[in-house]
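Note sheet for the following structure.
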Amino acid sequence: MLTKMKKNNKKILALLALALPALPSCINEDLSGCGTDYGITYNVRLRTNLRSTLYGELSAPAEQAMAERLATALGGVFTDRASDLDLAFYNGEAPAHREAHEMDGSSATYTIYLPSADYNHLAIANAGAEPQVSVEGDAYSALCLRQAPADTIDSHSSGVFAARRQLRVADAGGSFNVDLYMQNSAVALVIDLNGHQLSSISGSLSGMASAFAVADSAYLFDRSTVIRASRLDDGAGRVALYAACFPSRDHEAYEAYKAYKTYKPYKPYKPYKPNKPYSPNKLTAPEASALYRLVVYTTENGSTTESTLSVSEPLRAGDIKVIKARIGDGGQVVTDAPEVGVSVKLDWKPGGDHDIEI
């Protein structure tokens, strides 16, 4: 019996000796066949201090109540806390690993075990918290934050953050820091009613990006979408129309697009000139070089006025643009901001409304 067991053991050892060379091994000099723990710390970074910016722009005592209301309304957008985190790792362009976490804070550290290699890494935070934005694409260069594909959408309600980082096995001893930066922004038009009793006031925003390509850190303008503005009243004669959205083009991108004819440049609005033909040289400088527009409808005594504010200053990611204005004698919106041009249609009728490309 003992002899038989010895013979069986010899057979088993012989089979193991044959099989071992075929098994993948981590026992080699460069450890190239092993997995690695990547310790990654994610930090949410804000570009703008919302409260300081609002109180700086709306510094008059009569404006402080509106500054506080806007700070509360936009507090969920300009926040350094993220609720969810989407992590994607790539070998070149090819997806290698994907996982999601509930971050619920401004900083979090995760240990992620991956085969030892250098990775391209993309991270997105808060996309799950923002109903107007979704994550799409699989390949490294295709992953993007895409705004809802509708002609008109509501304002964003959450800040959306993204980051890109190369993870090299030889760097940082396997520990990495990834800073997540805000990719949306906001505009607030604060209007002094100037004694006017308006029965209604509403507005919208157009000319903003429709998507953000994370790997390229570039905004896409492949769909025209109108952002419906939300309204705030301070109870003391001021109204704010505000919207959170993706940023506008900047001047360099605008000129590059025109030069290479990759899109049709926006056509400027015609200024209101009763009984006079439209002449392009009548456009103000901000109107002619507009990067985005706000359209405001005010109704007083049964008559509706359309005011189009053309802004020539770019709205960048993580920023809020505050425009102060007042209601003029004809119910129109008037502003003294040099970067904002205004064109007006008095006694506006819905039947005459039409879409104008930017």
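The sequence shown lines up with residues 664 to 1021 when you count with this note's numbering. All C-beta atoms, glycine included, are put in the ideal place defined by N, C-alpha and C. Note that the structure is a prediction, hence the values are computed from the model and not measured.
Local conformation of residue i per DSSP, three classes
i: Gln846; result: coil
i: Ala907; result: strand
i: Leu717; result: helix
i: Gly898; result: coil
i: Glu969; result: strand
i: Gly991; result: coil
i: Gln727; result: helix
i: Leu733; result: helix
i: Gly698; result: strand
i: Gly866; result: strand
i: Tyr932; result: Bear in mind that a pLDDT of 36 at Tyr932, under 50, signals an unreliable position, so the model cannot answer this.
Close beta carbons around residue i, own chain, < 7 Å, minus the five adjacent residues each side
i: Asp767; result: Ser746
i: Leu978; result: Ser848, Val850, Pro910, Ser911, Tyr955 and Lys984
i: Ala793; result: The sequence as given places Glu at residue 793; Ala does not occur at that position. Excluding positions up to five away in sequence, the list reads His819, Ser820, Ser821 and Val823.
i: Tyr773; result: Ile703 and His764
Cut-off 6 Å between Cβ atoms - residues of its own chain near residue i, not counting five sequence neighbours on either side
i: Phe624; result: Any answer about residue 624 is impossible in this case: the structure gives the chain only from 664 up to 1021.
i: Glu976; result: Glu1002
i: Arg809; result: Ser797, Glu799 and Ala874
i: Pro940; result: Per-residue confidence for Pro940 stands at a pLDDT of 33, beneath the threshold of 50, marking its modelled position as unreliable; the derived number appears in the next sentence. Nothing listed; no residue qualifies.
i: Gly994; result: Thr961, Glu963 and Thr968
i: Ala802; result: Glu756
i: Asp743; result: Val707, Leu709 and Ser769
Cut-off 8 Å between Cβ atoms - residues of its own chain near residue i, not counting five sequence neighbours on either side
i: Tyr776; result: Gly698, Thr699, Asp700 and Tyr701
i: Leu972; result: Leu852, Arg956, Leu957, Val958, Val959, Ile986, Ala988, Val996, Thr998, Val1003, Gly1004 and Val1005
i: Asp897; result: Ala728, Met729, Arg732 and Ala903
i: Asp693; result: Legend: pLDDT at Asp693 = 47, less than 50; position of this residue unreliable, no value from coordinates given.
i: Trp1011; result: Tyr960, Thr967, Thr968 and Glu969
N- and C-terminal bounds of the beta strand (DSSP E) containing residue i
i: Ser880; result: No beta strand (DSSP E) contains Ser880, which DSSP labels as neither H nor E.
i: Val1005; result: Val1003 to Lys1008
i: Phe875; result: Ala874 to Ala876
i: Thr1100; result: In the structure as shown, the chain begins at 664 and stops at 1021. Residue 1100 is therefore absent and cannot be evaluated.
i: Val889; result: Val889 to Arg891
beta-carbon residue i near the ligand SAH non-hydrogen atom, thresh 8 Å
i: Val841; result: For the ligand SAH, the structure offers nothing, since it holds no ligand at all.
* Kindly provide the ranges of any beta strand (DSSP E) runs that are 3 or more residues long and lie completely inside the segment 736 to 823, ordered along the chain. => DSSP runs (the beta strand (DSSP E)) wholly in the segment 736 to 823: 745 to 754, 757 to 768, 770 to 778, 782 to 788, 796 to 799, 807 to 810 and 815 to 817.
* Asked: Would the segment 860 to 869 and the segment 825 to 840 be scored as touching if the rule is three or more Cβ pairs under 8 Å?
  -> Judged by Cβ distances under 8 Å, the segment 860 to 869 makes no contact with the segment 825 to 840, as fewer than three pairs qualify.
* **Three-pair Cβ contact test at 8 Å for the segment 830 to 838 versus the segment 705 to 721** => Using a Cβ-Cβ distance cut-off of 8 Å, the segment 830 to 838 and the segment 705 to 721 are not in contact, since fewer than three pairs of beta carbons, one from each stretch, lie closer than that value.
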